[in-house]
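Peer 1: I am attaching a structure below and will ask some questions about it afterwards.
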Amino acid sequence: MARYMAKLPRPGDPSCHTIFIGHNPSMATWNSGHYFANPSNHFWTLLHTAGLIGHPEANQDDRLVQTHGFGFCDVLETPGNDAQQVSRDFMRQNIPIFMKRIEKYAISMNGSLKRVCFIGKRQWKHLFDHQLPRCSHGIQPTDLRPEQWPEILDGVEVWVMPSPSGRAVLSKEERQATYSDLGKVING
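Quick note on numbering: the numbering used here labels position 102 of the sequence shown as 1168, and the sequence is numbered without any gaps.
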């Protein structure tokens, strides 16, 4: 069994400009050691259609960290297939741990980090002391940050992406639009 862990560039890899942040690892991700490994997850197809990767094949997160400047992590490091089963209290207890981790990641990148992309609205909204009643997909206003947001991330763009999960009730077009916008920003 592969070991689940955050995937971030190592010394010698291209600088990390974008970290994709999930809610928590699915059982498929936990067992395979690869992000977005569930066959019903559309993440790799969304990146491909947005022009961010060449082929929409699963299990390429290791290569993308080494070649594309992408990183991958989760707010929670507890496996499960249904984010709705994670209580707000459990999420709140783990926010300080996540904030310290993301701060450590940003420090290790020596200023190369340009954006963090939360894959789904739920984890972004739950980072706030008073949960946001709603948020839209796409880049978030610079004055909208959680109370415990690390200072080192003040100049980093925050994106909220549509969930790529096969369980999410979104049309293909709705799901793709924000990923395509991100592709335009990254590809210039």
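In this text, a Cβ means the ideal position worked out from N, Cα and C, and glycines have one as well.
Need the endpoints of the beta strand (DSSP E) that Thr1133 sits in, please.
Peer 2: First-last for Thr1133: Asp1127 to Thr1133, but that is the alpha helix (DSSP H), not the beta strand (DSSP E).
Peer 1: Start and end of the beta strand (DSSP E) containing Arg1200?
Peer 2: First-last for Arg1200: undefined, no H or E at that position.
Peer 1: Terminal residues of the continuous alpha helix (DSSP H) containing Asp1155?
Peer 2: Arg1154 to Ser1174
Peer 1: Buried or exposed for Met1093, please, with buried defined as at least 16 other CB atoms from any protein chain shown within 10 angstroms of its CB.
Peer 2: exposed
Peer 1: Using only CA atoms, which one of Ala1172, Leu1074 and Thr1115 lies nearest to Pro1230?
Peer 2: Thr1115
Peer 1: Using the Cα positions of Asp1195 and Met1165, report the straight-line distance between them to the nearest angstrom.
Peer 2: 13 Å
Peer 1: According to DSSP, which residues form a beta bridge with Cys1139?
Peer 2: Ile1087
Peer 1: Closest to Pro1207 by C-alpha separation, out of Glu1123, Val1224, Gly1232 and Glu1213, would be which residue?
Peer 2: Val1224
Peer 1: For Met1067, count the other beta carbons within 10 Å of its own beta carbon; 16 or more makes it buried, fewer makes it exposed. Which is it?
Peer 2: A caution first: Met1067 carries a pLDDT of 48, below 50, which makes its placement in the model unreliable, though a value can still be read off. It counts as exposed.
Peer 1: Could you tell me if Lys1238 is buried or exposed, where buried requires 16 or more neighbouring beta carbons within 10 angstroms of its beta carbon?
Peer 2: exposed
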